[in-house]
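Number of protein chains: 2
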Amino acid sequence: MSLPHAILTALLEKPSSGLELTRRFDRSIGYFWSATHQQIYRELGKLEAEGQIRALASEQPARGQKKQYEVLPTGRAELARWTASSQDPKPLRDTMLLRLRAAAVVGTDGIETDLRRHLVLHQRQLAEYEEIEKRDFPPGRDSPQDRLQHLVLRAGIDLETFWTQWLTHAIEEFAELS
Amino acid sequence: MSLPHAILTALLEKPSSGLELTRRFDRSIGYFWSATHQQIYRELGKLEAEGQIRALASEQPARGQKKQYEVLPTGRAELARWTASSQDPKPLRDTMLLRLRAAAVVGTDGIETDLRRHLVLHQRQLAEYEEIEKRDFPPGRDSPQDRLQHLVLRAGIDLETFWTQWLTHAIEEFAELS
DNA sequence: ACGACCATGTAAACAGTTACATGATTTA
DNA sequence: TAAATCATGTAACTGTTTACATGGTCGT
Numbered sequence: 001m002s003l004p005h006a007i008l009t010a011l012l013e014k015p016s017s018g019l020e021l022t023r024r025f026d027r028s029i030g031y032f033w034s035a036t037h038q039q040i041y042r043e044l045g046k047l048e049a050e051g052q053i054r055a056l057a058s059e060q061p062a063r064g065q066k067k068q069y070e071v072l073p074t075g076r077a078e079l080a081r082w083t084a085s086s087q088d089p090k091p092l093r094d095t096m097l098l099r100l101r102a103a104a105v106v107g108t109d110g111i112e113t114d115l116r117r118h119l120v121l122h123q124r125q126l127a128e129y130e131e132i133e134k135r136d137f138p139p140g141r142d143s144p145q146d147r148l149q150h151l152v153l154r155a156g157i158d159l160e161t162f163w164t165q166w167l168t169h170a171i172e173e174f175a176e177l178s
Numbered sequence: 179m180s181l182p183h184a185i186l187t188a189l190l191e192k193p194s195s196g197l198e199l200t201r202r203f204d205r206s207i208g209y210f211w212s213a214t215h216q217q218i219y220r221e222l223g224k225l226e227a228e229g230q231i232r233a234l235a236s237e238q239p240a241r242g243q244k245k246q247y248e249v250l251p252t253g254r255a256e257l258a259r260w261t262a263s264s265q266d267p268k269p270l271r272d273t274m275l276l277r278l279r280a281a282a283v284v285g286t287d288g289i290e291t292d293l294r295r296h297l298v299l300h301q302r303q304l305a306e307y308e309e310i311e312k313r314d315f316p317p318g319r320d321s322p323q324d325r326l327q328h329l330v331l332r333a334g335i336d337l338e339t340f341w342t343q344w345l346t347h348a349i350e351e352f353a354e355l356s
């Protein structure tokens, strides 16, 4: 039940059409809650039917026409309720860790290549986050909004840092094993 | 497509019945790939139909009777293939980060309580992992199997360490904001 | 023999992914 | 005017979660 709330947040930050939302999910929001355009259109339809958002006037809803959506008071209230509600952390689900555990039983052939590939991907993501930090959070600016958003970005940076370190360590272990 | 492989791994480590598997998923495997008993029974049925596992003889398959499953050569081969195959890391999906981003727009009321609650849960999980490390990986033992499994446990420990640190930092920020 | 729990399962709802369809606008 | 791509959508499939059902075993 998080996709509608991700969309409400994005629309409150800035009213958008379906495609604009899709683009923004590819960039910022998607860094911790990804969604495809199909999911987004479906959810926009539901949210509109429920009266949480509405299409801005002046646009005819023909196919291939942009529709801009904005959040209604009901939607904002629902988002506030959800944000403040108590929710349990989801247990971790990670395929690479599962594969390593499997490798302990069926052998490590072939997995080292993918560890190296993942390392490169995580290093790339880390570099991207650090670029964003330099660009959007220069020292000095610290409105409450800035600090909250910076906190979220820090989580992304620290997570990618963890993965690069762990993968580096894992690859070293493999070098010693063989 | 990871649940069947998680089950194959668990069954290779030790042939088990559905309920035993469920218990083991609650403990070790579930730390990075959780599953409910419904998922497990359904998947066991599929894997048996595909000839990747079989019920050990000497058990009549009546309702309420334990059925022990073991992995067949086909299943082991499939697991080895999957383990070695190239797979992209799944993008992060984290509700707490999403909620913080929403809080930047609709206000932070109520979320701090849940940050503190999550901190306690992550500290508890971290303590559990460190207990397991002390018990199962004393210094000295280092067969290839041990090293791989220890590597996986290290990932769990480092991830929980990250969360406790990040949450602590987040709570400090909130203290300064208000 | 009754209640608690063990063990296996079914059904339905919900969420996410992949593949495809269709009209509108831009550009060569 | 044809091709590319923009923008919105549908359909089918896969995977996950939640709620419920059913028979067996064990302790009192």
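Protein chains in written order, with our numbering: chain A, 1 to 178; chain B, 179 to 356. Ideal Cβ positions, reconstructed from N, Cα and C, are used throughout, including at glycine. Please read these numbers as outputs of a predicted model, since none were measured by experiment.
Since I believe Val-249(B) is in contact with Leu-197(B) (beta carbons under 8 Å), could you give me their beta-carbon distance rounded to a whole number of angstroms?
What you label residue 197(B) is simply residue 19 of the second sequence in a count that begins at 1. What you label residue 249(B) is simply residue 71 of the second sequence in a count that begins at 1. About 18 Å separates the two Cβ atoms, so there is no contact after all.
Whole angstroms is fine: what's the gap from Ile-207(B)'s alpha carbon to Leu-190(B)'s?
Walking along the second sequence from the start, residue 207(B) turns up at place 29. Walking along the second sequence from the start, residue 190(B) turns up at place 12. If I take the Cα positions, the gap works out to 13 Å.
Cα separation between Trp-166(A) and Trp-260(B)?
In the first sequence, counting from the first residue as 1, residue 166(A) sits at position 166. In the second sequence, counting from the first residue as 1, residue 260(B) sits at position 82. In a straight line, the C-alpha of Trp-166(A) is about 22 Å away from that of Trp-260(B).
Residues that Glu-13(A) contacts on chain B, provided the C-beta gap is smaller than 9 Å:
Looking up residue 13(A) in the first sequence gives position 13. Going along chain B in sequence order, the residues near Glu-13(A) (Cβ under 9 Å) are Arg-279, Ala-282, Val-283.
Tell me the rounded alpha-carbon separation between Leu-331(B) and Glu-306(B).
The residue labelled residue 331(B) in the question sits at position 153 within the second sequence. The residue labelled residue 306(B) in the question sits at position 128 within the second sequence. So the two alpha carbons sit approximately 11 Å from each other.
So if DSSP puts Ser-16(A) in a beta bridge, which residue, or which two residues, is it bridged to?
Position 16 of the first sequence, counted from the start, is the residue given in the question as residue 16(A). BP columns for Ser-16(A) point to Tyr-69(A).
Check: Ala-333(B) C-beta below 7 Å from any heavy atom of the ligand ADP
Among the components modelled here there is no ligand, and therefore nothing to report on the ligand ADP.
So is Lys-268(B) in contact with chain A if we call contact Cβ pairs under 8 Å?
In the second sequence, counting from the first residue as 1, residue 268(B) sits at position 90. Yes, Lys-268(B) lies at the interface with chain A (some Cβ there is under 8 Å from its Cβ).
Strictly by DSSP, which residues pair up with Ala-233(B)?
Taking the second sequence and counting its residues from 1, the one referred to as residue 233(B) is at position 55. The partner list for Ala-233(B) (beta bridge, DSSP) reads Tyr-247(B).
Stretch-stretch touch, CB-based, cutoff 8 Å, three pairs: the segment 130 to 148 of chain A with the segment 39 to 48 of chain A
no
Compare the C-beta of Val-152(A) with all C-beta atoms of chain B and state if any pair is closer than 8 Å.
On the first sequence, residue 152(A) is found 152 positions in, with the first residue counted as 1. Closer than 8 Å to some Cβ of chain B, the Cβ of Val-152(A) qualifies, so yes.
Quick one: measure Cβ to Cβ for Ala-188(B) and Arg-202(B), integer angstroms, because I've assumed they're closer than 8 Å.
Within the second sequence, the letter at position 10 stands for residue 188(B). Within the second sequence, the letter at position 24 stands for residue 202(B). At roughly 6 Å, the Cβ-Cβ gap stays under 8 Å, so Ala-188(B) and Arg-202(B) are in contact.
With 7 Å as the C-beta to C-beta threshold (strictly closer), list the residues of the segment 65 to 89 of chain A near chain B in chain order.
Arg-76, Leu-79, Ala-80, Thr-83, Ala-84, Ser-86, Gln-87, Pro-89
Is Thr-9(A) helix, strand or coil by DSSP?
As a position in the first sequence, residue 9(A) is number 9, starting the count at 1. In the structure shown, Thr-9(A) sits in a helix (DSSP, three-state: H, G or I).
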